[in-house]
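In terms of my numbering, the numbers along the sequence shown are unbroken and rise by one, the last being 295. Quick notes on the structure that follows.
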Amino acid sequence: MTHLPQQQIPGVYHRRFGEFLVTALSDGYVEMGYNIFREFSREDVDVMMARDHRISPPRISVNCFLLRGPAGTALIDCGSQDKFGPTAGKLFDNLAAAGVDPAEVEYVLLTHCHPDHSCGLTDVRTGERLFPNATVIANHKEIAHWFSDKEMAAADERKRERYFTWTREQIGPYRDGRLRLAKDGEEVLPGITLVECAGHTPGHSTWLIRSEGKQMIVWGDLAHVPEIQVARPDVSMSFDHDPDMAARNRTALLARILAEDMLVAGMHIHFPGLGWLVREGAGYRVATEQWNFEI
Numbered sequence: 001m002t003h004l005p006q007q008q009i010p011g012v013y014h015r016r017f018g019e020f021l022v023t024a025l026s027d028g029y030v031e032m033g034y035n036i037f038r039e040f041s042r043e044d045v046d047v048m049m050a051r052d053h054r055i056s057p058p059r060i061s062v063n064c065f066l067l068r069g070p071a072g073t074a075l076i077d078c079g080s081q082d083k084f085g086p087t088a089g090k091l092f093d094n095l096a097a098a099g100v101d102p103a104e105v106e107y108v109l110l111t112h113c114h115p116d117h118s119c120g121l122t123d124v125r126t127g128e129r130l131f132p133n134a135t136v137i138a139n140h141k142e143i144a145h146w147f148s149d150k151e152m153a154a155a156d157e158r159k160r161e162r163y164f165t166w167t168r169e170q171i172g173p174y175r176d177g178r179l180r181l182a183k184d185g186e187e188v189l190p191g192i193t194l195v196e197c198a199g200h201t202p203g204h205s206t207w208l209i210r211s212e213g214k215q216m217i218v219w220g221d222l223a224h225v226p227e228i229q230v231a232r233p234d235v236s237m238s239f240d241h242d243p244d245m246a247a248r249n250r251t252a253l254l255a256r257i258l259a260e261d262m263l264v265a266g267m268h269i270h271f272p273g274l275g276w277l278v279r280e281g282a283g284y285r286v287a288t289e290q291w292n293f294e295i
């Protein structure tokens with residue numbers, strides 16, 4: 001018993017989806033406080049998390065998803081790099097474990113520009129693009145907001161640094177012809193369509209993947225804490241740009257996901273972040289997909 005492992009195996013999971021190979025890649029996790037919720041006391045949160053034997057205050061998984069298929073090689077979101085301490089920033093280690101060189105990535109599709117989703121684009125110490133051959137694709141509303149000097153001036157100091165400054169540092173090196181702006185409903189690559197779900201940020205987007213008659217939605221921050229926000233779609237986060245809009249759009253999109261029987265890939269669903277939405281009472285829950293040993 002002298003050679004027990006000291007760390008987990010790499011956070012990599014492959015799944016076929018029609019013509020695509022989907023690879024879930026863990027960027028790690030972030031410990032959050034009780035103050036992320038607008039509506040609940042810490043006692044309320046403890047009760048809801050205990051129902052599913054979860055840590056409270058919540059531990060939030062951070063996932064990215066690599067798609068290889070008709071669209072080439074596309075990475076949806078790119079993690080946090082060094083912005084959230086030693087428990088996060090694992091994307092590049094897990095890309096390496098999956099045998100993928102960042103130079104092979106042709107597109108980085110962003111759900112939005114918060115640091116746990118977009119801070120893996122650039123090494124800010126050198127200005128080097130960490131995906132040197134990639135084109136970044138994002139909702140035009142998202143880029144317009146975070147690059148607006150007027151909006152930045154109106155924000156508090158924390159948001160100016162963490163959202164506006166960090167976004168500009170990460171996106172800036174790609175604005176020389178490697179940034180593509182898209183709009184709601186646009187098929188940006190074969191089989192991949194932007195579905196806007198604003199509120200969390202002004203241009204928060206999900207990515208709808210269609211292949212061989214099936215649909216999968218990569219839903220970004222539709223739910224930060226699935227145990228709470230999927231069960232209670234009306235619950236928003238303290239850092240939502242427009243909490244009421246976020247709740248309305250979340251409610252509508254969850255209903256569509258269920259009605260159309262979409263496979264869900266969630267950035268903050270516990271790794272590997274894949275599952276199906278099922279009705280439970282007045283809300284929903286995510287039924288985690290079974291592990292498949294074959295690709």
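Backbone N, C-alpha and C define an ideal beta-carbon position, used for all residues, glycine too.
| query | result |
| --- | --- |
| Distance, Cα to Cα, W276 vs A287? | 5 Å |
| Over what stretch of residues does the beta strand (DSSP E) that includes I348 continue unbroken? | Nothing can be reported for residue 348, as the shown portion of the chain is limited to 1 through 295. |
| Round the Cβ separation of D27 and L91 to the nearest angstrom and send it over; I've been treating them as touching at under 8 Å. | 5 Å |
| Beta-carbon within less than 7 Å of P57's beta-carbon, same chain only, minus the 5 sequence neighbours each way: which residues are those? | M32, G33, Y34 and V45 |
| Does the separation of the CB atoms of R68 and V136 fall below 9 Å? | no |
| Quick one: give me the first and last residue of the alpha helix (DSSP H) that S118 is part of. | P115 to S118 |
| K214 lies in the alpha helix (DSSP H); which residues open and close that run? | Where K214 is concerned, there is no enclosing alpha helix (DSSP H), although the beta strand (DSSP E) it sits in stretches over K214 to V218. |
| Leaving aside the five residues before and after V225 along the sequence, list all residues of the same chain whose C-beta is less than 6 Å from its C-beta, in chain order. | P58 |
| Am I right that I269 and S61 are in contact with their C-beta atoms under 8 Å? What's the rounded C-beta distance? | 7 Å |
| Output the distance between the C-alpha atoms of P5 and W291, rounded to the nearest integer angstrom. | 22 Å |
| Could you give the distance in angstroms between the alpha-carbon of W162 and the alpha-carbon of A155? | First, the amino acid is wrong: residue 162 is Arg here, not Trp. C-alpha separation (whole angstroms): 11 Å. |
| Starting from N249, follow the alpha helix (DSSP H) in both directions and report where the run begins and ends. | P243 to A259 |
| Tell me the DSSP bridge mates of W166? | Note: W166 sits in no beta bridge, so no partner. |
| Could you tell me which residues DSSP pairs with S26 in its beta bridges? | N63 |
| Can you list, in chain order, the residues of its chain with a C-beta nearer than 6 Å to that of R232? Leave out the 5 residues immediately preceding and following it. | G283 |
| Would you mind listing the beta strand (DSSP E) stretches within the region 124-152 that are 3+ residues and don't spill past its ends, in chain order? | 135-139 |
| Can you tell which of P173, W207 and P202 has the C-alpha that lies nearest to the C-alpha of V188? | W207 |
| Mind checking P304: buried by the 16 CB within 10 Å criterion, or exposed? | Here the chain comprises residues numbered 1 to 295, so residue 304 is not present and cannot be evaluated. |
| Hey, C78 and V30 are a contact pair by Cβ (cut 8 Å); roughly how many whole angstroms apart? | At roughly 15 Å, the Cβ-Cβ gap does not stay under 8 Å, so C78 and V30 are not in contact. |
| Would you be able to state if there are at least three C-beta pairs under 8 Å between the region 250-259 and the region 190-202? | yes |
| Can you name the start and end residues of the alpha helix (DSSP H) that E227 belongs to? | P226 to Q229 |
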